[in-house]
Every structure is written in C-alpha cells, then in structure tokens.
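Chains as they are written, first to last, in this note's numbering: chain A, 1 to 185; chain B, 1001 to 1461; chain C, 2001 to 2429.
Written out below as structure tokens is the structure these notes cover.
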Amino acid sequence: MDLTLKTRLEARLGDYLRGPVYQRRDETEIRIEPDSVPDVLRILRDARDLRFEILADLAGVDTGDVMQVVYHLWSPMTTDWLRIIADGIPRDDPRAPSATFLWTGAEWLEREAYDMFGIVFEGNRDLRRIFMPPDYTSFPLRKDFLLPDDAARSTGAGVRQVELGVRPTGANGDAADDIRRAPAS
Amino acid sequence: MRAGIGLAASYPFRLWTRLTVRQRLGMIVIPASVVAALITVLVIVLAGPPFLDFLNANLPLVRFAVAATAILMLTIPTAFVLIYVELKVIARMNLRVGPNRVGPWGMAMSVIHGLKVLSKEDFTPTGTDVTVFTLAPVVTYMASVMTLLVIPFAPGLVGQDLNIGLLYFFAMGGLTVLGLLMAGWSSFNKYSLLGGLRSAAQIISYEIPLTLSVVGVIILASTKTAETLSLNHIVLVQSGSMLDWFVFKQPLAFLIFFIAATAEANRTPFDMTEADSEIVAGFATEYSGMRFGFFFFAEYVNVFIVSALAATIFFGGWTAPFDWPWSYNLNWLHPGSLGLLWIGIVPTVLLFGSFFFAFFVRIFGGRAWGVWESMGLGLILLLVALGGLVGLAGFIAFDWVQGLTWFMVKTYFFVIVFVWMRATLPRVRVDQLMGFAWKWLLPASLLNLFVTATAVVLLNR
Amino acid sequence: MPPRQPAPRKSKARTTAATDAADAGGRQYASTDDPRIMLDRQVGNLYEPIPPYPPRTEREGEFYTLGDGEMFLNLGPHHPATHGVLRLVLKLSGEQVVDVDPVLGYLHRGVEKICENSDYYHVLDQVDPLEYLSSLFQEWAAVLSFEKLVDVQVPRRAEYIRVLSGELLRIASHTLYMGFLALDLGGLAPILYSFIERDEIVEMLAALTGARMLFNYYRIGGVNGDLNHEFMSRLGDWMSRAAGQTEANATLLNENEIFVRRTRGVGVLDRATALQFGVTGGNLRASGVPFDVRRAHPYSIYPELEFNVPTRDEGDSLARYLIRVDEIRESIKIIDQCLNNMPDGPVMAKLPRLIRPRPGRSWGAVEGPRGMMGVYSISDGSDQPFRFRIHDPSFVNLQTVPALLPGNLLADTMAIVASLDPVLGGIDK
Chain A
1 MDLTLKTRLE ARLGDYLRGP VYQRRDETEI RIEPDSVPDV LRILRDARDL
51 RFEILADLAG VDTGDVMQVV YHLWSPMTTD WLRIIADGIP RDDPRAPSAT
101 FLWTGAEWLE REAYDMFGIV FEGNRDLRRI FMPPDYTSFP LRKDFLLPDD
151 AARSTGAGVR QVELGVRPTG ANGDAADDIR RAPAS
Chain B
1001 MRAGIGLAAS YPFRLWTRLT VRQRLGMIVI PASVVAALIT VLVIVLAGPP
1051 FLDFLNANLP LVRFAVAATA ILMLTIPTAF VLIYVELKVI ARMNLRVGPN
1101 RVGPWGMAMS VIHGLKVLSK EDFTPTGTDV TVFTLAPVVT YMASVMTLLV
1151 IPFAPGLVGQ DLNIGLLYFF AMGGLTVLGL LMAGWSSFNK YSLLGGLRSA
1201 AQIISYEIPL TLSVVGVIIL ASTKTAETLS LNHIVLVQSG SMLDWFVFKQ
1251 PLAFLIFFIA ATAEANRTPF DMTEADSEIV AGFATEYSGM RFGFFFFAEY
1301 VNVFIVSALA ATIFFGGWTA PFDWPWSYNL NWLHPGSLGL LWIGIVPTVL
1351 LFGSFFFAFF VRIFGGRAWG VWESMGLGLI LLLVALGGLV GLAGFIAFDW
1401 VQGLTWFMVK TYFFVIVFVW MRATLPRVRV DQLMGFAWKW LLPASLLNLF
1451 VTATAVVLLN R
Chain C
2001 MPPRQPAPRK SKARTTAATD AADAGGRQYA STDDPRIMLD RQVGNLYEPI
2051 PPYPPRTERE GEFYTLGDGE MFLNLGPHHP ATHGVLRLVL KLSGEQVVDV
2101 DPVLGYLHRG VEKICENSDY YHVLDQVDPL EYLSSLFQEW AAVLSFEKLV
2151 DVQVPRRAEY IRVLSGELLR IASHTLYMGF LALDLGGLAP ILYSFIERDE
2201 IVEMLAALTG ARMLFNYYRI GGVNGDLNHE FMSRLGDWMS RAAGQTEANA
2251 TLLNENEIFV RRTRGVGVLD RATALQFGVT GGNLRASGVP FDVRRAHPYS
2301 IYPELEFNVP TRDEGDSLAR YLIRVDEIRE SIKIIDQCLN NMPDGPVMAK
2351 LPRLIRPRPG RSWGAVEGPR GMMGVYSISD GSDQPFRFRI HDPSFVNLQT
2401 VPALLPGNLL ADTMAIVASL DPVLGGIDK
C-alpha cells in the first residue's frame, strides 16, 4: 500500500475524482466520471510523478444497475497497481470515451468490452465484435444475459435467454441487421 | 424350352445353369485363352521373322524404346526407396524410431504409402481449369523421368548417349517448372498460385548458376574428349583414380552446383514451392490421390536425378574410386550360354531351396512358424542368398554391375546429404533465396568459368 | 487466384441453349447469356474472404477494399502455422503484406461467463485450458486475486512449491516456443528436441499434480499436495542436465545462419510502440523495457530470489527468441534456489469448504511465459465471483501483428507471429 500515491493522485486529479481514493493491499483505486477518462488517463501517463505507462488491463463491468469500464495501470514510480473505475455508465445506452489515443493496445480490449457488454467506445476506429460472430445480437457478459442452464441462479425465472433486440444507439453497424434482420422490439 | 428341345439337345444348357459364376467364367476364359494362344503362335510363326528383321534394321529405335520403358519402370522403385530412406534417416536424426510396422524395419512403408495414395479419391475442386489441372502432374513427372534418359548408370547402361546430353538434361530439368506453374495456376487457389510463381522464379534463377557451374567442367573435359556434352564421355574423362574426379579440379563449381541443384530439386532449405508453414503445400495444395502421388514421386525422382548428376559430373560417375584389380571372366554364367536349361533350373532351385531353408526355419523357429509361413520365409531367405551370390558373381564378372554399384553408392551418398539437410536446416526466405542466386552464385560461377577458361588456354598453349 | 476474365462467348450453340432454358422457364442469367460466367463469379465470391455484409466500421471497409494489384489471402483458421485457430486475412501485393486483419473467436467458449457461474474453487478448473501450454499461470493469477479477496495467508512452503512448479512450466513453454518458431521457419528437428525436453518436465509435473497439461494444482490458500518422491527424483535427474540440454537446444538455432537471417531485423517492435500496445512479457523485454511482473510488482516469494530480467534492445524476432532462451537459464537458477531454500511446513491454509469473500475487488497479476497474466475479480459476497475478468497476454501481444506485418513478406508472417508466441486458447477465452 503506497500512501504517497494517494496524496499524489489527489494533488493531480483533485477535480476528477468521484469519491475517496481507496487503498487495499497492493491496489489503489479511484473512481471517475466516464467523460473525464481521456483527461485522467493522459495525466496519469504523462505526469512526471505518476508515469503510469503500462495499460495492464481494460475491462467492462456490468453491476446490474450501471456499467463500468475498469482500467488497471502500472507505473515504475509506485509499488501499487492503480485501478481506475469509470463509473455510472447507463445500461440503456452505454458509451465511454476510447483510450486508444494513448494506448493503441486498448483497441482490442475495447472491442472485447463492446462485444461482451455493448459499451460503445467513442473514438475507437475499429469497434466491431471480436469474439462473437458478426450476426450475433446479444452481449453475453451482461447480467441480464442468463445462461440457458442457469435455472439454479435465477430462482423462479427458469430458462431465459435474453436476445437483445435493440442495440445501443450509435453502435456502429452490427452485421446482424444485414444478415438476419433482427426483429425490432 | 424343355418342351421344345429334346433331352440330348438340352443337356449343355442344363449343365450351364448348374454352374457357379466362377465356373461359368472358367468355361469362357479357358477356351478363349487357348484360342488366343494358338493365334499368337500362328502370328509369331507367320509374322515373326519379318518383324524381327524390322527390329534388327531399326536397332537404335528399339534400344531407345526399351531404355525408356526400363527407366520409366525404374522411377517408382527409386522413389519408394528414397521415401523410405528419408523417413528413416530423418527419424533417426530427430531421435525418433521412424517407420517400423510394415515389413522388416518398416521397409514396405513407402509401398503402403503408394497404395494409400492410389486408393484415395482423385478430387478436382470447383473452379479449376480441369485440363491443365489434370496435365500438370504428368508434365512434372515426365520432365523428371526424361532427364534420367541421358544418365550413364554403368558402362553401356545408358538410355541414350546423346552428344548433347548435358544440355538435354538441363532443358528437361527446366521443364519441371512448367508442370509446377500449371498446377499452381489451374488449382484456383491462392496458395497454389503463390507456390507456382515461387517455383518459376526460383528455378529460372537457379538454372543459370547451375548451368554455368558445369561449363567449367565442360571446358576441362574438352581437353581430353571431343564429345564434351555427353555425360558418358565426361565420366570416361574422369576414369582412373579418385584424383581425376572433377570435384578436385573444380571445387567451387561443385559447391555452386550443389546449392543450385538443391534449389532445382525444391529441397530444404530451398523448398519455397511447397513451404508447408507458409503456403500450406504450395502448388500441390488442391491435389489428392494419385495426381498428388505423381508430384510426390517427381520430387523424389528429382532428388535422385540431381544426386546422380552430381555423382556423374563431379565424382566420376560409375568409375571406381581407385583402380579395381579383381575382375574375372565368368562366361559360363552368361544367361545365353545356359539356354533353355534355365527354365528347368530356376523352378527346381526355387522349390527345393525353399524347402531347404524352410526346414531350418522349422527346426530353429519351433512351432511359432506354421508350414506356409516357414515356406515363405524360406523362399525369402533363399532369394536373399541367391541374390547375394548372383550380385557377387555379377560384381566380379561384369563391369556394368561394378559400375552400377559405384554409381549407386555415390548417388545415394548425395541423397543422404539431401535428407540430412532437410532434417537440419530451416527454410530461407524468398527474397534471400533470389538475392543469393543473383548476388552470390551467379558472380561466383562466372568467376569460376573465367578462371577455368584462362587456365585451360594458358596451359594448353 | 488465377485471373478469370469472363470472355464473352458468342458461340451460337450456347446462346441458343441459354435462350431455350429461359424460354422453358429456366433461370435467366442477368447480364450475360453464358451460364459459365455466372458460375465463375459465384465461385470467385465464394473463395474471397470478403464478408457478406456491408462493413461495420470504417477500418473494416478500408481493409476489405482492394487496391491495384492486391489480393486477399485467407491465412487460417486451418493453417499449419497459425498456432491453433487464428485467422489472419492478409492483403497481399505479390508476396508483400500490405495489411492484415486478424479474425478471432474460433475458440471462444465464454470462460468469463462460465466462471461467473461457478464456485470460487471451480473457477480454478475453468481457467486451466486457457493457455494450455502454461496452465499453472492462469491458476496462479486467479488464486492471487482470490487470496486478496479472502485475505488468506499462504504458507511459505506452498509459495515455494508454486514458484518451483511455475518456473518448470515456464521452461517447458519456452522450450516449445523455440521448437515451434523453428518449425514455422521450416526447420524440422528443433521441435522434436523441444518436445523431448518438455515431455520430461510435463511428466515430472504429472507426478506432482496428476495431470500432464491441465494441472489444476494451485488452490486458494496453497497447493493441492506436497512434493512427492517421484517428482523430486525426476526433478533432480533433470536438473543435473537441464542447463546443458538448454544450451544444446539453443545451439541448434542460435548458430544456424539461415535461422538468424530469417529472424534478425524482422518485425521490429520498438520501445515506444511496444508500450503503446501494452505488450508484456518477453516481447516487451525484447524491446528494451525491463518490465517483468516478478520484479516490477513482486508477488509470492520472488523478492527473495536472485534472478535477472534479461532485456534486449533490438525488438526483432531474433531478440524475442533470445530473450526466451535467457529466461530459461534464469528459470533454472530460480529452481535451484527454490530447491535449496525449500522450507518445511504445511502447503495449505485452513479455509472453509465454501468460500464467501466479503464484497470487494481485487486484481492479481503474475508473469506467465507470454507476459502478464492478470485476473480482476469482483465479489458480491456470494460463493461465486460477480465478475471474473481474465487479462490474457497473448491477446494483447497478438494485437501488434497488424502493426508489424505490413511491408514484410508472406514468409515473414510466420517468423513474426510465431515469435510473438500466441496461444489461441488464451486469446479466444
């Protein structure tokens, strides 16, 4: 647990932080608005006392109420992993700014998050499905996507597979429209 | 029918209806073959002498036909042997066992491979140019086989001793590329096309240093013989001892020749055309069954040919590496001198020899061997023993057997070297391959040619 | 593909046949009266990798538009040199790669979703087959993350055993990497020597864990069993000649002129680009960044061990290969230290049968053979992880392929992709 990191982060990112800097074991966690992701990431990477130069991970999270995009960063200046949670992305129309302008490698990670959660990363030049077939319509890692044999977990709900009729608006073209003509709901 | 025809007349029909299918076939085939035999004898008696006269009058033509057939027949066993050698040698180099299931030490493996290829579906994919697709393996295979025609296996044992033998060899060898290109183009597959074009670029590039490297040898040969392009004469020029071999007079030329020949035969490290990790199987991607088999055979025949040419031009061909003193005339062994007696001798020896060996098999093998098994093994043992005896006698008695032995020893040495290279070396890249040919091999071969020519002119003055 | 220009046939017989067919209610071909041309076009479309729907993104549309003299080559998903079921759509000009579009997902099983519906213990089963060549490291990352959630102290002996088995598996994976790189460059021998080496290690681990590939050995709070006699005797036997064997295997390639020429200066990934792509592992260290999770963010007992983090500045395929060879040497050193310092004690912490961690989030990352293997897990207080995110190094490393390939020859594709060491099981999750 790097206590100095907390003060450094608070000094640099004071306005952007939503909630306190949370530290546990070897992890430091901050929460930000999705809109401030580009600014925050740029500061974190380029600030001389932070230098978070390696994007360790980019993950989407569906909490059931909101979507999150979670970044893990590594810096030679600290012994902690830094976790940035871009919180409060609405589930109906999840969109977040892309991190590809800083880390080219975020492109596929964002494609994966889009594929699994439907989070639209604005600024990603190649945001299409990466694992699922192009005519697929659902987003499998969302919490309302239940596995067909998941009766045990959703008591009373039985077998229910959610096929998403509508995509988040502005999600650049799924092939599904052209192949399958998904029924509009 | 019975009502209409009397008992005596219906008898053969009743017999016929009672026969099984096999017996009916026999009733047809046996009389037919008797009639055919009679007709054959009649034809031989009537038309034989004039036909023989005709053959006598056109002896070169007959010789050519016989040699061509023999060489065509030779290629398949050669390919079988080479495939087995490659499987086994590479396996040993990779710390594996290699084929060991079919036949003794897995020796029948390549035969089984051949049968497998033969029994597979001959598949023509959609979109191919069917004519070209079908002809491509034939062209490749025939180009390989035709080069064998001028290679002197032994004194007197050469398909056709052309006075432009070497030129013919390179011309026919260059024809291989046509087949590969046809296969690549017609397969309607991009991997095939890439393979075909690679082979075209590669063989055209390496043909030049290959040919130029040999020109030095031709110049050297010209000091001793008039027919410098005849492979037979090039061998004769090198006869004597090991020191007369051209490899010692033209080491650089041999090096260039060997590298270029590797590329010419599409062998590792120059197997661009069928680079399996890059373009799947290259020109052969879409081929299956015996068409693929022809490509497969052609490749191994090519290896044999290239090795044979290396042995012929640079290592004295069928000449012994040193003066071979032990040679006796065993005229009584000549097939003609025993005449018709052979017809009696051969089956008798086979029968009783098999019994003889089978007896020992039964005694020493115990009950593990049944009667027929021990008879079979006895026959094999007898054949091996006889073959050894005949071979030894032939080696002593006939210079062509000696020559063939030396030739094969030298050729298979190079075959093993090719296999060794395949087991060891990675593949070079296309641009490196071409750059090597044009930047290094070609200047080196020109330099070699220049030095040789200058030396010959200066020394012969 | 052979150029197939539909030559307008004007032969009378054919025209009549087509007209007759049309008159009889047969199919009317649109623009021509020659059915063969139509067939050719259909076949042409069938064999092109162009997707049958309009481009989804600008980049896709740009990629699937052919320039002058260019063609597509569909490399994979079934190709001898794509390490599984990777599909690379190459845009070629002659043999030169102009652009490349990797297509993933042929092995996608939705492991993250499965893990979210499994017990914490069962998650460790699920993550094994991801990178099947180094399955202990996925377990390790998951275990690391879970242990932070559960707040459990792992016994020191268990940590030593983890490091010991992990480094053994790292050697096995790297050895195989050397062989496969050579195989993709056309060398037949090294792969077999590699497999012999790997088989010894894998048999050794089988004696320890009971399985050859999917070990399922690490547990939350320790490992699934102490060292046994067979493992130790095999390990001692192997350690006596490991260094020599490694040098021998490396010499097969290091001193091979063709191999060096095929890999030197090919696929150069410079330092800045590598950092931008988030590349980790040997691929990053070959570009001159000494980022090794074992040193950069130490876990387990690595702070106590002495080993170097080899780096190289060239960033080409050869450097990536040589880094692996150096890492094998370092791993042998680590194993030696583990064996010398192995403490006594239990190998499992005491934990309940059913784990219900407090709600929280944790990120655990280990240095696998291919780079940083990370797991981000969220607990909601139930017995199943609420979110289980697997960060696979091959996935990120493979992302550099579209940046590295253009300008190189088709043959270099294999030298580059193989040197990045992707394992499709992990990439496709």
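Ideal Cβ placement from N, Cα and C applies to all residues, glycine included.
Could you give the DSSP three-state label for Phe1123 of chain B: helix, strand or coil? Here Phe1123 of chain B sits in coil by DSSP.
Assigned secondary structure, Ala184 of chain A (DSSP; H/G/I helix, E/B strand, else coil): For Ala184 of chain A, the predicted model reports a pLDDT of 42, less than 50, meaning its position is unreliable; a value from the coordinates is still stated below. In the structure shown, the three-state DSSP call for Ala184 of chain A is coil.
For the alpha helix (DSSP H) holding Ala1200 of chain B, just list the boundary residues, first then last. Counted as a single uninterrupted DSSP element, the alpha helix (DSSP H) harbouring Ala1200 of chain B occupies residues Lys1190 to Ser1222.
Would you please verify whether the beta carbon of Leu1459 of chain B is less than 8 Å from any beta carbon of chain C? It does not; no Cβ of chain C falls within 8 Å.
Using CA atoms only, rank isn't needed, just tell me which of A:Asp26, A:Phe117, A:Trp103 and A:Asp87 is closest to Thr4 of chain A. Comparing Cα-Cα distances from Thr4 of chain A to each of A:Asp26, A:Phe117, A:Trp103 and A:Asp87, the minimum goes to A:Asp26.
Can you check which of these residues, C:Leu2075, C:Tyr2053, C:Gln2096 and C:Gly2076, is closest to Gly2069 of chain C by C-alpha distance? Considering only alpha carbons, the answer is C:Gln2096.
Using a Cβ-Cβ cutoff of 9 Å, what residues of the region 122-136 of chain A are near chain C? List them in chain order. If the cut-off is 9 Å between Cβ atoms, the region 122-136 of chain A has Asn124, Arg125, Asp126, Leu127, Arg128, Arg129, Ile130, Phe131, Met132, Pro133, Pro134 and Asp135 near chain C.
Exposed or buried, what is Ala1065 of chain B when buried is set at 16 or more other beta-carbons lying within 10 Å of its beta-carbon? Counting every other CB atom within 10 Å of its CB across the protein chains shown gives Ala1065 of chain B a total below 16, marking it as exposed.
Cβ neighbour criterion (16 or more within 10 Å) applied to Leu1059 of chain B: Flag for Leu1059 of chain B reads exposed.
Alpha-carbon to alpha-carbon, Lys1190 of chain B and Ser1288 of chain B: Annotation: Ser1288 of chain B to Lys1190 of chain B spans about 17 Å, alpha carbon to alpha carbon.
Starting from Tyr71 of chain A, trace the beta strand (DSSP E) in both directions and tell me its first and last residue. Val66 to Trp74 is the extent of the beta strand (DSSP E) around Tyr71 of chain A.
Closer than 8 Å by beta-carbon distance: list the chain C residues that pair up with Ile54 of chain A, in chain order. Under the 8 Å cutoff, chain C gives Leu2275, Gly2278, Thr2280 and Phe2291.
Cβ contact (3+ pairs, closer than 8 Å) linking the region 1284-1301 of chain B and the region 1075-1095 of chain B: Three or more pairs of CB atoms, one per stretch, sit closer than 8 Å, so the region 1284-1301 of chain B contacts the region 1075-1095 of chain B.
For my contact list, Ser2300 of chain C and Glu2139 of chain C are in at a C-beta cut-off of 8 Å; report their separation, rounded to the angstrom. Contact doesn't hold; Cβ gap of about 13 Å is too wide.
Output yes if chain C places a C-beta closer than 8 Å to the C-beta of Asp2 of chain A; else output no. Not one chain C Cβ lies under 8 Å of Asp2 of chain A.
Where Ser1277 of chain B meets chain C, residues with beta-carbon distance less than 8 Å: Residues of chain C with a Cβ closer than 8 Å to the Cβ of Ser1277 of chain B are, in chain order, Pro2080, Ala2081, Leu2183, Asp2184, Leu2185, Gly2186 and Met2414.
Can the beta-carbon of Val2325 of chain C be found closer than 8 Å to that of Ala2141 of chain C? No.
Suppose contacts are defined by Cβ-Cβ distances below 8 Å. Is Ser2362 of chain C in contact with Lys2113 of chain C by that definition? Contact: no.
When you compare each of A:Thr28, A:Leu55 and A:His72 to Leu102 of chain A by their alpha carbons, which one comes out closest? Among A:Thr28, A:Leu55 and A:His72, the Cα nearest to that of Leu102 of chain A belongs to A:Leu55.
Chain-ordered neighbours of Ala2189 of chain C on chain B, where CB pairs are closer than 8 Å: Within 8 Å Cβ-Cβ: Met1093, Asn1094, Ala1423 and Thr1424.
Report the three-state DSSP secondary structure of Trp108 of chain A (helix, strand or coil). Note: Trp108 of chain A maps to helix in three-state DSSP.
Determine, using beta carbons only, whether Phe2146 of chain C comes closer than 8 Å to chain A. No, Phe2146 of chain C does not count as interfacial toward chain A.
Does chain C have any CB closer than 8 Å to the CB of Thr1134 of chain B? Not one chain C Cβ lies under 8 Å of Thr1134 of chain B.
Just to confirm the assignment, what range does the alpha helix (DSSP H) spanning Asp1399 of chain B have? From DSSP, the alpha helix (DSSP H) with Asp1399 of chain B extends over Asp1399 to Thr1424.
If we ignore side chains and look at the alpha-carbon of each, how far apart do Leu1379 of chain B and Val1085 of chain B end up? If you take the alpha carbons of Leu1379 of chain B and Val1085 of chain B, they lie about 25 Å apart.
Distance check for Lys2091 of chain C and Leu2269 of chain C, CA to CA, integer angstroms please. Each residue's Cα considered, the two are about 21 Å apart.
In the structure shown, what three-state DSSP assignment does Met1 of chain A receive? Here Met1 of chain A sits in coil by DSSP.
Can you tell me which of the three DSSP states Asn2074 of chain C falls into? Strand.
Output, in sequence order along the chain, the residues in the region 2101-2116 of chain C whose CB is closer than 7 Å to any CB in chain A. Those residues of the region 2101-2116 of chain C that come within reach of chain A (Cβ to Cβ, closer than 7 Å) are Leu2104, Gly2105, His2108, Gly2110, Glu2112 and Lys2113.
From Met132 of chain A to Lys2429 of chain C, what distance separates their C-alpha atoms? The alpha-carbon separation between Met132 of chain A and Lys2429 of chain C amounts to approximately 11 Å.
Can you have a look at Asn2397 of chain C and say buried or exposed, based on whether 16 or more other CB atoms are within 10 angstroms of its CB? By the Cβ neighbour-count rule, Asn2397 of chain C is buried, with 16 or more other Cβ atoms within 10 Å of its own.
Starting from Ala2142 of chain C, trace the beta strand (DSSP E) in both directions and tell me its first and last residue. If you look at Ala2142 of chain C, you'll find it isn't in any beta strand (DSSP E); it sits in the alpha helix (DSSP H) that goes Ser2135 to Val2150.
For a cutoff of 8 Å on Cβ pairs, would you count Phe2137 of chain C as touching chain A? No, Phe2137 of chain C lies away from the interface with chain A (no Cβ there is under 8 Å from its Cβ).
In chain C, which residues lie with their C-beta within 7 Å of the C-beta of Val1280 of chain B? His2079 and Pro2080, listed in chain order.
Same chain, Cβ closer than 6 Å to Gly2025 of chain C, neighbours up to 5 away in sequence not counted: For Gly2025 of chain C, the pLDDT reaches just 41, beneath the cut-off of 50, and the residue's location in the model is therefore unreliable, although a value from the coordinates is still provided. Here Gly2025 of chain C has no same chain residue with a Cβ atom under 6 Å from its own Cβ, once five neighbours each way along the sequence are excluded.
Within the 8 Å Cβ cut-off, does Tyr2029 of chain C reach chain B? Confidence at Tyr2029 of chain C is low in this model, with a pLDDT of 39, below 50, so its placement is unreliable and the value that follows should be read with caution. Using a Cβ-Cβ cut-off of 8 Å, Tyr2029 of chain C does not count as an interface residue toward chain B, since no Cβ of chain B sits closer than that to its own.
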